[in-house]
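Numbering (the UniProt record's numbering), first residue to last: 1 to 417. Glycine included, each C-beta is placed from N, C-alpha and C at the ideal position.
Below is the structure:
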């Protein structure tokens, strides 16, 4: 059975008990202001101006993962540095009030301006320009003793290496408290791809790289060979492989699964990997079969890339329910649709419990504070610099009607990363 939550649906209701952890997921990272341009036929040449058909703005960086997790009903806490400019005002308000992300471990710093990324989506992929500075203090300094949580999600390529008994980080402390550690990694611009990075997997429950990253770190030639290599080092190994789907091995259950990608038109792939990761974490915490976890994560990613806006394009349970009803009730009897119905039949047990007010994705634009929330700072006054985050309050989430067409289209190109 599932229960209601502040998102309108609690997918972990059946596993919650008295005295459970404070949060489902604890995150650390850099929050960017993302400005995303879509509908560009080509990138501008030197000295050239190109007009984009669409534009969205939203909190980015680690906010992609925080929003994706919260939209799925996970009680999410984010530790991050915020500046004292209007970009930080917008990001803080959007996360705390609109998206119900706990920011009690976050802090605002005077004189530190918000990192900004300009993202341009062309030919189903994206190019980005970023400006910013490192956080004024480290993650472990900011978080201190972490709150209890079911899971932490961490970039293994960050400044603090985990698993060093002589220098314990916030991740080590959370692990000692019983949290499952889900690791990820980004592209290595140096080209070194040091296998030593994988030594951190001894503290991880799961590792979720894309195929290029997995093959580079394991010195293998195929995604499947990389998966087998990683499965020797971590209980849950997941490799995303772009339009070929995703493959995984769960050593704790003895399951191995491969799931194809959905055929969807990709408008903006920003944050697709974060949405996929949040889906895997939810399915793992809920105890779902491995194939269902991969299928669910693939669905969440497929829903997200059809809308521009980075973090604010992440789907909620309202979007997921409407997609499943469209697939289930479609008159299309093609082999592809029959496969979708079989693959996602597990949603039938979840969707009937989703209330009408379940979360949908929100509009991706900088709005007046009164437009996005009725929470603790909805009067347009986010907390001042150096103030810790407030407890999140209630919210009227601005819903955007989902436009997912369950009929086949071009496969999603590129890795969700």
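Bridge partners for residue 59 per DSSP, in chain order?
Walking along the chain shown from the start, residue 59 turns up at place 59. Answer by DSSP bridge pairing, in chain order: 33.
Report the three-state DSSP secondary structure of residue 99 (helix, strand or coil).
Here residue 99 refers to the residue found at position 99 of the chain shown. Coil, per DSSP.
Of all the alpha helix (DSSP H) runs that stay within the bounds of the region 270-352, which reach a length of 4 or more residues?
If we require 4 residues or more, the alpha helix (DSSP H) runs fully inside the region 270-352 come out as 272-286, 290-304, 317-328, 335-343.
Thinking residue 283 and residue 297 are a contact (beta carbons under 8 Å), I'd like their distance in whole angstroms, please.
Counting from one through the chain shown, the residue named residue 283 turns up at place 283. Counting from one through the chain shown, the residue named residue 297 turns up at place 297. At roughly 7 Å, the Cβ-Cβ gap stays under 8 Å, so residue 283 and residue 297 are in contact.
Take residue 25 and list the residues in its own chain whose beta-carbon comes closer than 6 Å to its own, dropping the five residues that flank it on each side.
Along the chain shown, one-based indexing puts residue 25 at 25. The residues are 69, 74, 76, 151.
Would you kindly work out how many angstroms separate the C-alpha atoms of residue 249 and residue 42, rounded to a whole number?
Translated into positions along the chain shown, residue 249 becomes position 249. Translated into positions along the chain shown, residue 42 becomes position 42. When rounded, the distance between both Cα atoms is 39 Å.
With DSSP collapsed to three states, give me the class of residue 204.
Against the chain shown, residue 204 aligns to sequence position 204. Of the three classes helix, strand and coil, the one that applies to residue 204 here is coil, per DSSP.
Can you list, in chain order, the residues of its chain whose CB lies under 8 Å from that of residue 221, leaving out five sequence neighbours each side?
Within the chain shown, numbered from 1, the residue matching residue 221 stands at position 221. For residue 221, where only same-chain residues beyond five positions count, the Cβ hits under 8 Å are 215.
What's the gap between the Cα of residue 12 and the Cα of residue 320?
Mapped onto the chain shown, residue 12 falls at position 12. Mapped onto the chain shown, residue 320 falls at position 320. Their Cα atoms are separated by approximately 16 Å.
If you draw a straight line from the C-alpha of residue 67 to the C-alpha of residue 31, how long is it?
In the chain shown, counting from the first residue as 1, residue 67 sits at position 67. In the chain shown, counting from the first residue as 1, residue 31 sits at position 31. Rounded to whole angstroms, residue 67 to residue 31 spans 11 Å at the Cα level.
Could you tell me whether the Cβ atoms of residue 60 and residue 148 are closer together than 9 Å?
Translated into positions along the chain shown, residue 60 becomes position 60. Translated into positions along the chain shown, residue 148 becomes position 148. Going by C-beta atoms, residue 60 is not nearer than 9 Å to residue 148.
Is it buried or exposed for residue 274, if we count other Cβ within 10 angstroms and need 16 for buried?
Looking up residue 274 in the chain shown gives position 274. Burial call: buried.
Going by the DSSP bridge assignment, what does residue 128 pair with across the sheet?
Counting from 1 along the chain shown, the entry for residue 128 is found at position 128. 119, per the DSSP bridge assignment.
For residue 23 and residue 102, which I take to be in contact (beta-carbon distance under 8 Å), what is that distance rounded to the nearest angstrom?
To locate residue 23, count along the chain shown from 1; it is residue 23. To locate residue 102, count along the chain shown from 1; it is residue 102. Between residue 102 and residue 23 the Cβ distance is about 7 Å, and since that is below 8 Å, they are a contact.
Which ranges does the alpha helix (DSSP H) cover as unbroken runs of at least 4 residues, wholly within the region 162-202, from first to last along the chain?
Listed in chain order, the complete alpha helix (DSSP H) runs (minimum 4 residues) inside the region 162-202 are 170-176.
Please name the residue or residues paired with residue 210 in a DSSP beta bridge.
What you label residue 210 is simply residue 210 of the chain shown in a count that begins at 1. According to DSSP, which records beta bridges pairwise, residue 210 is partnered with 240.
For residue 277 versus residue 65, is the C-beta distance shorter than 9 Å?
Taking the chain shown and counting its residues from 1, one reaches residue 277 at position 277. Taking the chain shown and counting its residues from 1, one reaches residue 65 at position 65. In contact: residue 277 and residue 65 (Cβ atoms closer than 9 Å).
Can you name the residues that DSSP bridges to residue 137?
To locate residue 137, count along the chain shown from 1; it is residue 137. Bridge partners of residue 137: none, in fact.
Residues in the same chain with beta-carbon distance under 6 Å from residue 55, minus the five sequence neighbours each way, listed in chain order, please.
Your numbering for residue 55 matches position 55 in the chain shown. Correct list, in chain order: 37.
Measure the Cβ-Cβ separation of residue 172 and residue 184 and say whether it is below 9 Å.
One-based indexing of the chain shown puts residue 172 at position 172. One-based indexing of the chain shown puts residue 184 at position 184. No. Outside cutoff.
Bridge partners of residue 152, per DSSP?
Residue 152 sits at position 152 when you count from the first residue of the chain shown. 26, 181.
When you compare only the Cα positions, how much space is there between residue 342 and residue 139?
On the chain shown, position 342 is the one that residue 342 refers to. On the chain shown, position 139 is the one that residue 139 refers to. Approximately 43 Å, taken between the alpha carbons.
Around the Cβ of residue 114, are there at least 16 other Cβ atoms within 10 angstroms (buried) or fewer (exposed)?
Along the chain shown, read from residue 1 onward, the residue named residue 114 stands at position 114. The residue in question, residue 114, is buried, as its Cβ has 16 or more Cβ neighbours within 10 Å.
Give the DSSP-derived three-state secondary structure of residue 229 in the structure shown.
The count along the chain shown starts at 1 and reaches residue 229 at position 229. It is helical.
How would you call residue 333, buried or exposed, if buried means at least 16 neighbouring beta carbons within 10 angstroms?
Your numbering for residue 333 matches position 333 in the chain shown. Residue 333 comes out exposed.
With residue 79 as the anchor, note down where its alpha helix (DSSP H) starts and where it stops.
Locating residue 79 in the chain shown gives position 79, where the first residue counts as 1. That residue, residue 79, is in no alpha helix (DSSP H); its beta strand (DSSP E) goes 76-79.
Roughly how far, in whole angstroms, is the beta-carbon of residue 257 from the beta-carbon of residue 290, given that I think they are within contact range, below 8 Å?
For the purposes of this step, residue 257 is taken as the residue at position 257 of the chain shown. For the purposes of this step, residue 290 is taken as the residue at position 290 of the chain shown. Right, their Cβ atoms sit about 4 Å apart.
Taking the beta carbon of residue 162 as the centre, do at least 16 other beta carbons fall within 10 Å, making it buried, or is it exposed?
Your numbering for residue 162 matches position 162 in the chain shown. Buried: at least 16 other Cβ atoms inside 10 Å.
My guess is that residue 27 and residue 57 are in contact by the Cβ rule of under 8 Å, so how many angstroms apart are they, rounded?
Residue 27 sits at position 27 when you count from the first residue of the chain shown. Residue 57 sits at position 57 when you count from the first residue of the chain shown. Their Cβ separation, rounded to whole angstroms, is 21 Å, which puts residue 27 and residue 57 out of contact at 8 Å.
Can you list, in chain order, the residues of its chain whose CB lies under 6 Å from that of residue 202, leaving out five sequence neighbours each side?
Start at 1 with the first residue of the chain shown, and residue 202 comes out as number 202. So the list reads 163, once near-sequence residues are dropped.
Rank 40, 265, 225 by C-alpha distance to the C-alpha of residue 119 and give the top, closest one.
Counting from one through the chain shown, the residue named residue 119 turns up at place 119. Per the Cα distances, 40.
Report yes if the CB atom of residue 217 is closer than 9 Å to the CB atom of residue 226, and no otherwise.
The residue given as residue 217 occupies position 217 in the chain shown. The residue given as residue 226 occupies position 226 in the chain shown. Yes, the Cβ-Cβ distance between residue 217 and residue 226 is below 9 Å.
Give a yes or no on whether the C-beta atoms belonging to residue 170 and residue 136 are separated by under 9 Å.
On the chain shown, position 170 is the one that residue 170 refers to. On the chain shown, position 136 is the one that residue 136 refers to. Not in contact: residue 170 and residue 136 (Cβ atoms no closer than 9 Å).
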